[in-house]
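Reviewing the structure listed below.
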Amino acid sequence: MKFQGKTALITGSGTGIGRAIAKKFVENGASVIILGRRREPLEDAAGMLEGIISQKNTGSTVRIFSGVDVSEEKGINDMFAALKNDGIVVDYIINNAGVSGPVTCFANAPLDEFKSTVKIHLTGTFWCSVQGLQVMKEGGKIITISTFFTEERPLEQRPYRFRSPYTASQGAKNRLAEAMSWELVDRGIISIATNPGPVHSDRIYKTVYPKAASEFMRVSGFESLDPEHVDAASKELLPLLGEGEAVVKEGVAKAAEKLGADAGTLASLLEKIQSIAEKVQNNTSHMIANREFLSQEQVAESVLNLCDEEISRILNGKVVPGDRVFYPVKAHIGTATPGVHQPDFGDAVVFTVDAGTMRDAKRVEFLARHVEKNGAKAACFISSNAPPEVQEYISSRFHSHVIDVASPDEVGRWLDTARKNIGQIRAVVHVTGSLTDTRLTGLSRAEWDGLVEKFILTPSMVSQKALEQFVPGGGRDPRLYKDAKGAVMIIGPDLPVGKKITGAQRAQTEVFRGALRPFTTTVNQELSDVLRSRVRIFTILPGTVSGAEPDDKKIADALNFLVSESAASSALVTFCVDESR
840 MKFQGKTALI
850 TGSGTGIGRA
860 IAKKFVENGA
870 SVIILGRRRE
880 PLEDAAGMLE
890 GIISQKNTGS
900 TVRIFSGVDV
910 SEEKGINDMF
920 AALKNDGIVV
930 DYIINNAGVS
940 GPVTCFANAP
950 LDEFKSTVKI
960 HLTGTFWCSV
970 QGLQVMKEGG
980 KIITISTFFT
990 EERPLEQRPY
1000 RFRSPYTASQ
1010 GAKNRLAEAM
1020 SWELVDRGII
1030 SIATNPGPVH
1040 SDRIYKTVYP
1050 KAASEFMRVS
1060 GFESLDPEHV
1070 DAASKELLPL
1080 LGEGEAVVKE
1090 GVAKAAEKLG
1100 ADAGTLASLL
1110 EKIQSIAEKV
1120 QNNTSHMIAN
1130 REFLSQEQVA
1140 ESVLNLCDEE
1150 ISRILNGKVV
1160 PGDRVFYPVK
1170 AHIGTATPGV
1180 HQPDFGDAVV
1190 FTVDAGTMRD
1200 AKRVEFLARH
1210 VEKNGAKAAC
1220 FISSNAPPEV
1230 QEYISSRFHS
1240 HVIDVASPDE
1250 VGRWLDTARK
1260 NIGQIRAVVH
1270 VTGSLTDTRL
1280 TGLSRAEWDG
1290 LVEKFILTPS
1300 MVSQKALEQF
1310 VPGGGRDPRL
1320 YKDAKGAVMI
1330 IGPDLPVGKK
1340 ITGAQRAQTE
1350 VFRGALRPFT
1360 TTVNQELSDV
1370 LRSRVRIFTI
1380 LPGTVSGAEP
1390 DDKKIADALN
1400 FLVSESAASS
1410 ALVTFCVDES
1420 R
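Numbering-wise (this note's numbering), the sequence shown opens with residue 840 and increments by one.
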């Protein structure tokens, strides 16, 4: 058998795709280590797997680690410590564990759920891979499963409306798989990612599509129900999908009594949600040539093929599309922004600064002077983690405060203060700072968490707090977004600068840029196509692949474009401004 004598560890393997992968490995002679949060599905899966082993008489084994949440450091540490202590060698780590995360417009997405989604998908993948190295040898393989909605082509980025934390973390996972291939080559360990398309699963049919359908209803309201009532009703009604007529009727009656709503209206809402969910599914299938979603077994077969010795050597470091979906996408990524007449900024422009170097401080100075020269009042909120010389440099030149830029409450409070004291906010500009040259797979968990906070969670949180300034109450009532205006710019992280930049150095930075591109594309699709607003979030990614110094004037030009009337009609929302010739 092809994998006789080998051992595969599969995260999230009690159900769904993970279970199918474990089954495929066992059928091909491998021993498996399965893990997850709940014991019952793992024990059920183990019984099935042991039956196959007995039938095939392979001598393979099944080992369970229950209560292991891939996002939690201790559980992963303890699992790999136990495997190492027992002398187990793991040949394949399959990063499969995941959650759907909140299925709602970013403006309404709870920040704690955003964070937990990133923690499970991205940090879980990172930490399981890094800790797994202690039980892997040369020839080992790490296969990371992502999603077709984070596929990137030249100047093209797929959005995934209502799934901003999911698509941000999955995009970063793809780039992480690439970065690990560079960093682990000296150990002889291969890293590959694969992006399956829609897969037949309970998650997609019972969670993602129905929740997306209910979000469409929440955005507009339904009959006599306003958005908040639609949201509350959906939480009661969605579990009824797929149940028999009697169960549905009883459930609707209970929901009506609990919410003080009309049972007929709730029944109509449930019917409408089901209809839209089916339409979303049907529309997606029509983007596939044979109109068929993948089976879990097909995904498992793809994963085992990527574990093949020859195929894995050929594809090391690649993100392998496995979706078959012809998904129409606008060219959301550009280089230089279109030229516009110099605008009069007029109102306040707020800079939130998570900078770590004097180069970052001088960028803030250049941009703040630019907006002040053109009619704005600039306010700078500087991270308390910034070096003292950075804080002093900016504070001595502009109206500034040192704050905890990672605190949603503090950022929101200071934005309120800026609006009250210096006027209506025209734009919020968040400066992430740059990634220091570091080997990602050598980071401690605290160091990794700090990078995720700095380059993914804080920019997204600041963006949401800015949206609350532009459209007060818009999270709860999305109808308020119609025709509203506002501008957010995320700057960074920069590509590394120097004459001899390695592929590994670029790949490290791309992990976090790889989160911001799909995040930006997804949120802008919601803002324009769903909420019908003129609010936009641009991401500016400075630097060049050749290692040239970034030009801050090009960032200033991008800010001019962002606050112009033209920005609202632009499909381009992410700009690599220094790559223009």
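All C-beta atoms, glycine included, are put in the ideal place defined by N, C-alpha and C.
For residue i, the three-state DSSP class (helix, strand or coil)
| i | result |
| --- | --- |
| residue 1111 | helix |
| residue 1340 | coil |
| residue 1081 | coil |
| residue 995 | strand |
| residue 1042 | helix |
| residue 1028 | coil |
| residue 1061 | strand |
| residue 982 | strand |
| residue 1399 | helix |
| residue 1421 | Since the first residue of the chain shown is 840 and the last is 1420, residue 1421 is not available in this structure. |
| residue 945 | helix |
| residue 1142 | helix |
| residue 1357 | helix |
| residue 1056 | helix |
| residue 1389 | coil |
| residue 1000 | coil |
| residue 1137 | helix |
| residue 1383 | coil |
| residue 1179 | coil |
| residue 861 | helix |
Pair within 8 Å by beta-carbon distance, residue i and residue j
| i | j | result |
| --- | --- | --- |
| residue 1393 | residue 1207 | no |
| residue 1229 | residue 1194 | yes |
| residue 1227 | residue 1271 | no |
| residue 1013 | residue 1142 | no |
| residue 881 | residue 873 | yes |
| residue 1379 | residue 1328 | yes |
| residue 1009 | residue 1033 | no |
| residue 1196 | residue 1073 | no |
| residue 998 | residue 1344 | no |
| residue 1192 | residue 1203 | yes |
Bounding residues of the alpha helix (DSSP H) (the contiguous stretch that carries residue i)
| i | result |
| --- | --- |
| residue 1227 | 1227–1234 |
| residue 852 | Careful: residue 852 lies outside any alpha helix (DSSP H) and carries neither H nor E. |
| residue 1258 | 1247–1261 |
| residue 1068 | 1066–1076 |
| residue 1013 | 1003–1022 |
| residue 1209 | 1197–1212 |
| residue 967 | 963–971 |
| residue 914 | 912–924 |
| residue 1309 | 1297–1309 |
| residue 1284 | 1284–1291 |
| residue 953 | 950–957 |
| residue 880 | 878–895 |
| residue 1274 | Here residue 1274 belongs to no alpha helix (DSSP H), and DSSP marks it neither H nor E. |
| residue 1367 | Counting along the chain, residue 1367 falls outside any alpha helix (DSSP H), and DSSP gives it neither H nor E. |
| residue 977 | Neither: residue 977 is in no alpha helix (DSSP H) and is coded neither H nor E. |
| residue 1405 | First-last for residue 1405: undefined, no H or E at that position. |
| residue 1152 | 1148–1154 |
Residues sharing a beta bridge with residue i, DSSP
| i | result |
| --- | --- |
| residue 1132 | Bridge partners of residue 1132: none, in fact. |
| residue 1416 | Beta-bridge pairing links residue 1416 to no other residue. |
| residue 1376 | 1327 |
| residue 1034 | 1160 |
| residue 1190 | 1219 and 1268 |
| residue 1240 | 1220 |
| residue 847 | 871 and 931 |
| residue 1173 | 1414 |
| residue 1127 | 1164 |
Residue i: first and last residue of the uninterrupted beta strand (DSSP E) it sits in
| i | result |
| --- | --- |
| residue 931 | 931–934 |
| residue 904 | 901–905 |
Cβ-heavy atom distance, residue i to the ligand ZN, below 7 Å
| i | result |
| --- | --- |
| residue 1246 | Annotation note on the ligand ZN: not contained in the displayed structure, which lists no ligands. |
Min CB distance residue i to chain B below 8 Å
| i | result |
| --- | --- |
| residue 1143 | Of the protein chains in the structure, only one exists, and it is not chain B. |
>> With three or more C-beta pairs closer than 8 Å as the rule, is the stretch 880–887 touching the stretch 909–916?
In response: no
> Touching or not, the stretch 1200–1217 and the stretch 1164–1178, by the rule of three or more beta carbon pairs under 8 Å?
Replying inline: no
> Does the stretch 1278–1288 come within contact of the stretch 1240–1256, defined as at least 3 CB pairs closer than 8 Å?
Replying inline: no
> Does the stretch 1094–1112 come close enough to the stretch 1127–1135 that 3 or more CB-CB pairs lie under 8 Å?
Replying inline: no
> Are at least three pairs of beta-carbons, each pair with one atom in the stretch 1042–1051 and one in the stretch 1020–1029, less than 8 Å apart?
Replying inline: no
> Is it true that the stretch 1324–1336 meets the stretch 1372–1391, where meeting means three or more beta-carbon pairs spaced less than 8 Å apart?
Replying inline: yes
> At a cut of 8 Å, does the stretch 896–913 reach the stretch 950–970 through at least three beta carbon pairs?
Replying inline: yes
> Does the count of Cβ pairs from the stretch 1106–1124 and the stretch 1045–1061 closer than 8 Å reach three?
Replying inline: yes
>> Closer than 8 Å is the cut-off here; do at least three beta carbon pairs connect the stretch 1329–1349 with the stretch 1386–1400?
In response: yes
> Is the stretch 935–946 close to the stretch 842–854, with three or more CB pairs under 8 Å?
Replying inline: yes
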